[in-house]
Amino acid sequence: MVKNKNASHISIFRLLIVLAVAVWTTSLAGELEVEFDEGYHYYRISPALPLQVDTGHVEVLELFWYGCPHCYDFEEYLAKWKREKADHVKFVPMPAVMNRNWVPQARAYFALREMGEAERMHSLFFEAIHVQGRRLGDKKSISRFLGQHGIDTSSFEKAYRSSSVSKNIQHSRQLARDSGASSVPTVVVNGKYRSTAADAGSYSRLLQLIDHLVRQETNLARSAN
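Using our numbering, the first residue of the sequence shown is number 160, and each one after it goes up by one.
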């Protein structure tokens with residue numbers, strides 16, 4: 160019997176293609192399935208923190224400080240993530256109060272939140288400090304800056320001094336202590352897990368970790384119903 164050499168060559172060629180695709184698929188799956196270890200990439204908070212979102216939602220809270228260059232750098236990554244996140248995932252920005260020098264900017268954020276202006280001014284605040292080089296470390300300089308962006312300074316200063324803002328400052332201090340956070344930006348997922356870019360490995364990996372924990376919490380809630 161005469162063997163068809165061309166057919167044999169084609170079979171070998173096909174086999175090589177199949178093997179190459181299998182290796183590539185395995186490699187791709189390994190890249191997509193990023194593993195995160197509790198106690199190394201993220202830390203459990205015990206007892207869990209009270210949530211600020213309704214039942215059925217997953218809370219992602221960020222402790223930040225406007226004067227922090229790492230928080231400013233993280234904003235670019237975070238903005239894209241916020242646009243693409245699922246509707247049931249609620250992002251909660253929380254100005255950290257880890258020392259007294261952070262208080263004026265934290266009070267400013269809470270005052271602006273009461274005025275309905277926190278979201279509009281958030282990126283402008285970061286840019287003023289990290290791009291324009293403005294210090295914005297006290298009420299006077301902050302009020303002047305806000306006035307330049309159309310904020311009524313009398314209303315702002317009244318809110319800045321309000322008892323409700325003082326309560327928010329105390330809440331932020333307590334939350335940072337109870338979460339075990341020691342730096343910013345720190346992310347807390349559903350009151351249970353804490354991580355930073357240093358823990359996760361990078362800003363991108365931190366967002367991957369957030370998505371991983373969000374899926375975990377979402378599946379847990381669904382299985383309980």
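The C-beta atom is built at its ideal place from N, Cα and C for all residues, glycine as well.
Look at the region 216-275 and you find these whole runs of alpha helix (DSSP H), each 4 residues long or longer: 228-243 and 262-273. With a cutoff of 7 angstroms on beta-carbon distance, M274 and A335 are scored as not near each other. For L295 and P209, the gap between their C-alpha atoms comes out near 31 angstroms.
Of all C-beta pairs linking the region 242-258 to the region 327-343, three or more are shorter than 8 angstroms, placing the two stretches in contact. When H371, D232 and E197 are compared, the shortest CA-CA separation from V290 is found for D232. Where S354 is concerned, the enclosing beta strand (DSSP E) starts and stops at Y352 to S354.
G215 sits exposed, since fewer than 16 C-beta atoms from the chains shown fall within 10 Å of its C-beta.
Per the C-alpha coordinates, the member of F250, D311, A287 and P263 positioned closest to E276 is D311. D358 and Y201 do touch by the CB rule: their CB atoms are close to 6 angstroms apart, below 8 angstroms.
Under DSSP, Y201 takes part in a beta bridge, and its partners are E197.
Out of L222, C230 and M280, the CA that lies nearest to the CA of I328 is found in L222. In the three-state reduction of the DSSP assignment, T345 falls in the strand class. By the 16-neighbour rule on beta-carbons within 10 angstroms, L379 is exposed. Between the alpha carbons of E197 and L368 lies a gap of roughly 11 angstroms. Cβ contact annotation for V373 (same chain, cutoff 6 angstroms, sequence separation greater than five): V217 and V248, in chain order. When only Cα atoms are considered, T355 and P206 end up about 19 angstroms apart.
Rounded to the nearest angstrom, the gap between the Cα atoms of V348 and L305 is 31 angstroms.
Our two residues, R279 and Q307, have alpha carbons roughly 13 angstroms apart in a direct line. Shortest Cα-Cα distance from Y352 to any of R203, L366 and L365 involves R203. For the pair D213 and P263, the CB atoms are not nearer than the 7 angstroms cut-off.
Membership of V324 in the alpha helix (DSSP H) is indicated by the continuous run S322 to S338.
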